[in-house]
Amino acid sequence: LPSPPSPPSPPPAPPSCDGAVFSIVQRFKSRAGYAAEVYVPQWHLHHTITLDFGVPTEVYAIWSAELAGVTPTTATFRLGAYGTKFRLHAQGQPPDGCCIPCGDRRCSRPPPPPPRIRSPETSSRGTGVWG
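So the sequence shown is numbered by the numbering used here: it starts at 586 and just counts up by one.
Now the structure itself:
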């Protein structure tokens, strides 16, 4: 017997990054850092959201999500079972604008400044020749 046709699959859920908003809720005086909240109207279990801080940032505590990956200036979070927002504590300067890339939306950041090359005149070691 042929099997009955399967029902059409539902349309894919909108990505969790759609409409997500980052906001700083507290700045810490004791060390350079802050607490932030990310509002996620399209919350889906295990979806990931990336925050592009634009400045060197270290995330050290998270609630309602888990850290899935980091670079010096970004962090990717995997959403937990339930919520509309997750919180994080981070060390570093609070970003002027935290970008959340989503679909075709990319974060345009200026390129990092070129590394400073010290000339021999300014070097404390002189010519750098050993011996």
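Built from N, CA and C at the ideal position, the CB exists for glycine as well.
All values reported here derive from a predicted model rather than from experimental measurement.
Can you find a C-beta in chain C that's less than 8 Å from the C-beta of residue i?
{"i": "residue 586", "result": "Absent here is chain C; the protein component of the structure consists of one chain."}
Could you name the residues of the same chain whose beta carbon sits closer than 7 Å to that of residue i, not counting the 5 residues immediately before and after it, in chain order?
{"i": "residue 663", "result": "631, 633, 650, 651, 653"}
{"i": "residue 619", "result": "609, 611, 612, 613, 675, 679"}
{"i": "residue 648", "result": "671, 672"}
{"i": "residue 624", "result": "605, 606, 669, 670"}
{"i": "residue 646", "result": "673, 674"}
Per DSSP, what kind of secondary structure is residue i in: helix, strand or coil?
{"i": "residue 683", "result": "coil"}
{"i": "residue 611", "result": "strand"}
{"i": "residue 688", "result": "coil"}
Tell me which same chain residues have a C-beta within less than 6 Å of the C-beta of residue i, skipping the five on either side of it?
{"i": "residue 740", "result": "Residue numbering for the chain in the displayed model covers 586 to 716; residue 740 lies beyond these limits and cannot be assessed."}
Give me the Cα-Cα distance between residue i and residue j, rounded to the nearest whole angstrom.
{"i": "residue 658", "j": "residue 665", "result": "23 Å"}
{"i": "residue 636", "j": "residue 669", "result": "16 Å"}
{"i": "residue 667", "j": "residue 691", "result": "27 Å"}
{"i": "residue 596", "j": "residue 642", "result": "36 Å"}
{"i": "residue 689", "j": "residue 586", "result": "45 Å"}
Starting from residue i, follow its DSSP beta bridges and name the residues at the other end.
{"i": "residue 676", "result": "618, 643"}
{"i": "residue 624", "result": "606, 670"}
{"i": "residue 664", "result": "650"}
{"i": "residue 659", "result": "637"}
Along the beta strand (DSSP E) that carries residue i, what are the first and last residues, could you check?
{"i": "residue 635", "result": "633-637"}
Please return the same chain residues whose Cβ sits closer than 8 Å to the Cβ of residue i, not counting the five positions on each side in sequence.
{"i": "residue 616", "result": "676"}
{"i": "residue 683", "result": "607, 621, 636, 637, 638, 639"}
With a threshold of 7 Å, establish whether the CB of residue i neighbours any heavy atom of the ligand ZN.
{"i": "residue 609", "result": "Absent from the structure shown: the ligand ZN. Ligands present: none."}
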